[in-house]
Every structure is written in structure tokens, then in C-alpha cells.
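K.L.:
Letter 13 of the sequence shown, counting from 1, is numbered 201 in the numbering used here, and no numbers are missing.
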Amino acid sequence: MPDLVKALAARAPSIGALTREVSSADQVSRGYGHTLQEICRQPEAWQAIASQLSDCVLPGLESSGGLILTGSGSSHFIGVALAPTLQVNLKRPVRAVSAGEILLSPEAYVNVERCPTIVSFGRSGDSPESIAVADLIFKRWPQCQQIFVTCNPNGRLATAYESAPQIQTIVLGSDVNDQSLVMTSSFTSLWLAGRALGVRDGDSAVPAIASSLAEMGQGFLLEHSERLAELACRSFDRAAFLGSGPRFGAALEAELKMLEMCGGRVTTCAESYLGLRHGPMAGLTNRTLLVAFISTNNRRRAYELDLLNEVQQKELGLCVVYCGSNLPNEIKDSDGRLCVEYGVSSLLGDDDLVALDVLVGQLLGFFRCLHERLKPDAPSETGVIDRVVPSFPTYSP
Numbered sequence: 189m190p191d192l193v194k195a196l197a198a199r200a201p202s203i204g205a206l207t208r209e210v211s212s213a214d215q216v217s218r219g220y221g222h223t224l225q226e227i228c229r230q231p232e233a234w235q236a237i238a239s240q241l242s243d244c245v246l247p248g249l250e251s252s253g254g255l256i257l258t259g260s261g262s263s264h265f266i267g268v269a270l271a272p273t274l275q276v277n278l279k280r281p282v283r284a285v286s287a288g289e290i291l292l293s294p295e296a297y298v299n300v301e302r303c304p305t306i307v308s309f310g311r312s313g314d315s316p317e318s319i320a321v322a323d324l325i326f327k328r329w330p331q332c333q334q335i336f337v338t339c340n341p342n343g344r345l346a347t348a349y350e351s352a353p354q355i356q357t358i359v360l361g362s363d364v365n366d367q368s369l370v371m372t373s374s375f376t377s378l379w380l381a382g383r384a385l386g387v388r389d390g391d392s393a394v395p396a397i398a399s400s401l402a403e404m405g406q407g408f409l410l411e412h413s414e415r416l417a418e419l420a421c422r423s424f425d426r427a428a429f430l431g432s433g434p435r436f437g438a439a440l441e442a443e444l445k446m447l448e449m450c451g452g453r454v455t456t457c458a459e460s461y462l463g464l465r466h467g468p469m470a471g472l473t474n475r476t477l478l479v480a481f482i483s484t485n486n487r488r489r490a491y492e493l494d495l496l497n498e499v500q501q502k503e504l505g506l507c508v509v510y511c512g513s514n515l516p517n518e519i520k521d522s523d524g525r526l527c528v529e530y531g532v533s534s535l536l537g538d539d540d541l542v543a544l545d546v547l548v549g550q551l552l553g554f555f556r557c558l559h560e561r562l563k564p565d566a567p568s569e570t571g572v573i574d575r576v577v578p579s580f581p582t583y584s585p
């Protein structure tokens, strides 16, 4: 049992019950071993990934056509979480567009006059849309630079274009190629690789960010795993996740984790704070868990707290969960409120706290899955969804 899991077993009874006197093989046979280990290994993985990335030199980031960040499902949400950060840091237009949208309407995003660099994220590197988009761009717009970021050294994104000079591939490796159906360590590792694309302050910047994140992530797991396990077992049948800027991407991913791991038994949504007022607030009932990722930016935070105050004044939601760094002292735990404090870091802001926000969603989804008597490693009992989307026909534009 890894050291962090041992420490968690001592601090969090819910994890202790799953791991003490239960071998790793038995944990896997019971249907939760892969997911639990993959969630808990993330702080260590981030530091290893950062060391690997410090040697990468990537072409195409200064393209006048900007960047398009693409992927499907969780891999698309990586792009949503990264686009605001990369656009500011690279001073280039950056858009997150799902691979499916590019496949359906390629001319809306790529043409001869506007040839962006395409950055594709994928755990397996074998998703049908990702492969189809890579092939389409390569054949139709060969002048476009492409960057593939994948966890699987044997996937098509990693192997199909090794000799193409306009394509660079970053393979993060099997250690973060999650075996569970749901993406956990693969998501945050791919996100960290994308985060590195926007760091222009020298080779030490990415390891420093990763080291600080790893320290906070380990502390987060030790401090909050049991609290989130207890919260996940409360009587909610809906869950809503709120985020601003980069952290809206985290809200999308956290929402998907709850939906996937509960097999659709919990109705979920993700929204921006200000967007909630424009209709989605109607979905907040007294059986809704509302998870709010609170910005480190004072101006954004003011808008966010105003919205949450309005929600509580209207007595909406079973519980509002405030998640963030250096939360206001006046926000205290109560029957209808839970504070998940990440700690304070002078180095990390909204661009980086995505990784910790996603941890919240992963733990809530994991423990709710067990509460629903499902198996986190393969929560889709009837096979409605798969670890890798099966192949389907594609059609030439």
C-alpha cells in the first residue's frame, strides 16, 4: 500500500475500511482498487510529470492563428480549464473546442488563412473523434502544427505520426494511464502538461507549481477525504458545480465525475456563477448538493459570494460547499454549509487550483458511487459507457 494511502487509512475511516486488511488485488476485484489508487497517487504524479515536462521544447505556440485545445469528454474539459490561462500567458487567441465539433464543422475552426496550432488531449489516444480530427488536419491542412498530449504510449496519438515533422507528441506514460473507467490522475496530469504550455518563466516554473500543488494536494487528501466521504452519503439526488474562469473547466469535470460514477442516479449540472441566475437556478431543490469553487481573485470572489448569499437567502440546496484557498473567515461550517479550505499559497492562483477542485469532484463521486453500491472502477452496470468510446463510422467533409 503506498505511503499516502496508509496515512489516509489512518486519518479517514472510510478509506481505512476499504484498504486495511484488504490486499490491492482484492480491492481491484471488489471494483474500487484502481480508482482509489489513481486518485491518491496524484500529488506524487504531478511532481514526476513536471520533471518530465521541463525538458520539452514545443513548436507552434506563437502561431498567429492561435491555439485550439481539443479532446472529448474529460479531455475536452482540460481545454476549457486551460484556455483562459494560455490566452493570457501566450498573448494569442486560445479556444477550447471539442473534437466532435471540429469533426462535424472543421472549416469553422481551421482554414488556409487561419491555421491554428491544434493541441489534442487524450488519455488513451484512441478515441474515434481524436483520431479522426488528427487525420483530417494532417491530410487537409498539413501546414498546421499539432501537439498530441496523451498518457498511453501505445495509443494511436502516440504512435501514428512519429515521423511527421509538424506533429509533436508528449507521452506522459503508463503510470498515469488510469485503468478505471473514469479519468482521475490522467485528467490532472494531462491538465498539468497543458498548463506547462503557458509557462514562459524558465525551466524551474513548472516544477515549482507542481511541487506546491503536490504539497497542497496531499494536505487536502489528509484533511478533507473523510469529510467529503460523509458529505457524499447525504440525502441529495442532484449536484451542481460552480466555477469561474479556468475553474469552470474544473466544475465541468467534477460534474462529470459525479454523473459517471453514480451511473446517472444523481442528476448533475455545471454552471458559471453569473450564469446560474439565467435559468439554471430553477434546478436547485432542497435535495441539491451545491459545490462552489471560490476564486482567489478578489473581484471574481465578490461576484461569487454575492451569488451564494442569494442562494442561501432563498433557502436553496441541501448543502453549499465552499472550496478554495484562503476562504473568508466569516464562512463557517453549519448544517447547510461546508468549508473545504485548500490552504494558502503565494504561488498558486485560479490557473492552478483547477487540480484541487477536481480532487473534490473525484472524492465526492467515488464515495457516492460506493454509497449507491456501484463499483467506481466500472460504474456503468449495463455498459452504457466505456473506458474508451468504441469506434464508429466517420464521414469525409
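Quick reminder that beta carbons are idealized off the backbone N, C-alpha and C, glycines included.
Keep in mind it's a predicted model, so treat the numbers as computed, not measured.
Quick one: what's L430 bridged to in DSSP?
P.N.:
On the sequence shown, residue 430 is found 242 positions in, with the first residue counted as 1. DSSP lists E459 and A480 as partners of L430.
K.L.:
Applying the criterion that 16 or more other CB atoms from any shown protein chain within 10 Å of the CB defines a buried residue, is V298 buried or exposed?
P.N.:
Here residue 298 corresponds to residue number 110 of the sequence shown, with the count starting at 1. Buried is the call here.
K.L.:
Which first and last residues belong to the beta strand (DSSP E) in which V307 is found?
P.N.:
The residue you call residue 307 lines up with position 119 of the sequence shown. Looking at the DSSP string, the run of the beta strand (DSSP E) that includes V307 is T305 to G310.
K.L.:
Which ranges would you report for the beta strand (DSSP E) in the region 258-334 if only whole runs of at least 3 residues count?
P.N.:
282-284 and 305-310, all fully within the region 258-334.
K.L.:
Given 8 Å as the limit, is there contact between the region 252-270 and the region 363-383, that is, 3 or more CB pairs closer than that?
P.N.:
Yes, they touch.
K.L.:
Pick helix, strand or coil for S513, following the three-state DSSP scheme.
P.N.:
Here residue 513 refers to the residue found at position 325 when the sequence shown is read from its first residue. Three-state DSSP puts S513 in coil, outside helix and strand.
K.L.:
State the beta-bridge partners of I256 as determined by DSSP.
P.N.:
Here residue 256 refers to the residue found at position 68 when the sequence shown is read from its first residue. I256 pairs with R283 and I306.
K.L.:
I believe F481 touches G452 by the beta-carbon criterion, under 8 Å. Please report the beta-carbon distance rounded to the nearest angstrom.
P.N.:
To locate residue 481, count along the sequence shown from 1; it is residue 293. To locate residue 452, count along the sequence shown from 1; it is residue 264. 23 Å between Cβ atoms; not a contact.
K.L.:
Taking Cβ to Cβ, would you say S312 is nearer than 7 Å to G343?
P.N.:
Sequence index remark: in the sequence shown, residue 312 carries index 124 (1-based). Sequence index remark: in the sequence shown, residue 343 carries index 155 (1-based). Yes, they are a contact pair.
K.L.:
Quick one: Cα of G431 to Cα of G463, how far?
P.N.:
As a first step, residue 431 must be located in the sequence shown, where it is residue number 243. As a first step, residue 463 must be located in the sequence shown, where it is residue number 275. Their backbone Cα atoms lie some 10 Å apart in a straight line.
K.L.:
Distance, Cα to Cα, F555 vs Q354?
P.N.:
For the purposes of this step, residue 555 is identified with residue 367 of the sequence shown, where counting begins at 1. For the purposes of this step, residue 354 is identified with residue 166 of the sequence shown, where counting begins at 1. So the two alpha carbons sit approximately 44 Å from each other.
K.L.:
Under a Cβ-count criterion, where at least 16 other Cβ atoms within 10 Å of its own Cβ denotes burial, should R302 be classed as buried or exposed?
P.N.:
On the sequence shown, residue 302 is found 114 positions in, with the first residue counted as 1. With fewer than 16 other Cβ atoms within 10 Å, it is exposed.
K.L.:
What residue range is occupied by the uninterrupted beta strand (DSSP E) comprising E403?
P.N.:
Counted from its first residue, the sequence shown places residue 403 at position 215. Unbroken run through E403 is the alpha helix (DSSP H), A393 to A420; no beta strand (DSSP E).
K.L.:
Please list, in chain order, all residues of the same chain as A402 whose beta carbon is under 6 Å from its beta carbon, the five residues on each side excluded.
P.N.:
For this step, residue 402 is matched to residue 214 along the sequence shown. Hits under 6 Å: P231, W234 and Q235.
K.L.:
Taking the alpha-carbon positions, what's the G467 to G549 distance?
P.N.:
Walking along the sequence shown from the start, residue 467 turns up at place 279. Walking along the sequence shown from the start, residue 549 turns up at place 361. Straight-line Cα distance between these residues: approximately 23 Å.
K.L.:
Determine the contact status of N517 and G386, defining contact as a CB-CB distance below 7 Å.
P.N.:
Taking the sequence shown and counting its residues from 1, the one referred to as residue 517 is at position 329. Taking the sequence shown and counting its residues from 1, the one referred to as residue 386 is at position 198. Contact flag unset, no.
K.L.:
What residues are listed by DSSP as bridge partners for E529?
P.N.:
Here residue 529 corresponds to residue number 341 of the sequence shown, with the count starting at 1. The partner list for E529 (beta bridge, DSSP) reads G512.
K.L.:
Check the DSSP bridge columns for F336 and list the partner residues they point to.
P.N.:
Looking up residue 336 in the sequence shown gives position 148. Answer is S308 and T357.
K.L.:
Does the Cβ of E459 have 16 or more other Cβ atoms within 10 Å, making it buried, or fewer, making it exposed?
P.N.:
Along the sequence shown, one-based indexing puts residue 459 at 271. That one is buried.
K.L.:
For R283 and chain D, any beta-carbon pair shorter than 7 Å?
P.N.:
Any reference to chain D falls outside this structure, which holds one protein chain only.
K.L.:
Any idea if F580 is buried or exposed, counting beta-carbon neighbours within 10 angstroms, 16 or more meaning buried?
P.N.:
Here residue 580 refers to the residue found at position 392 of the sequence shown. By the neighbour-count rule (16 or more Cβ atoms within 10 Å), F580 is not buried but exposed.
K.L.:
With 16 as the cutoff for other CB atoms within 10 Å, does P330 come out buried or exposed?
P.N.:
In the sequence shown, the residue the question calls residue 330 occupies position 142. With fewer than 16 other Cβ atoms within 10 Å, it is exposed.
K.L.:
Just tell me which of S212, I306 and L444 has its CA closest to the CA of L324.
P.N.:
By one-based count along the sequence shown, residue 324 stands at place 136. If we check each option's Cα against that of L324, I306 comes out closest.
K.L.:
Could you check the C-alpha separation between T582 and F436 for me, to the nearest Å?
P.N.:
The sequence position of residue 582 within the sequence shown is 394, counting from 1. The sequence position of residue 436 within the sequence shown is 248, counting from 1. Their Cα atoms are separated by approximately 31 Å.
K.L.:
Indicate the three-state DSSP secondary structure (helix, strand or coil) for S211 in the structure shown.
P.N.:
Residue 211 sits at position 23 when you count from the first residue of the sequence shown. If DSSP states are grouped into helix, strand and coil, S211 belongs with coil.
K.L.:
Looking only at DSSP bridge pairs, what is C507 linked to?
P.N.:
Position 319 of the sequence shown holds residue 507. Answer by DSSP bridge pairing, in chain order: L477.
K.L.:
Under 7 Å, do M446 and T456 count as touching if we go by C-beta distance?
P.N.:
The sequence position of residue 446 within the sequence shown is 258, counting from 1. The sequence position of residue 456 within the sequence shown is 268, counting from 1. Yes, these two residues count as a Cβ contact at 7 Å.
K.L.:
Across which residues does DSSP place S522 in a beta bridge pair?
P.N.:
The residue labelled residue 522 in the question sits at position 334 within the sequence shown. Looking at the DSSP assignment, S522 forms a beta bridge with R525.
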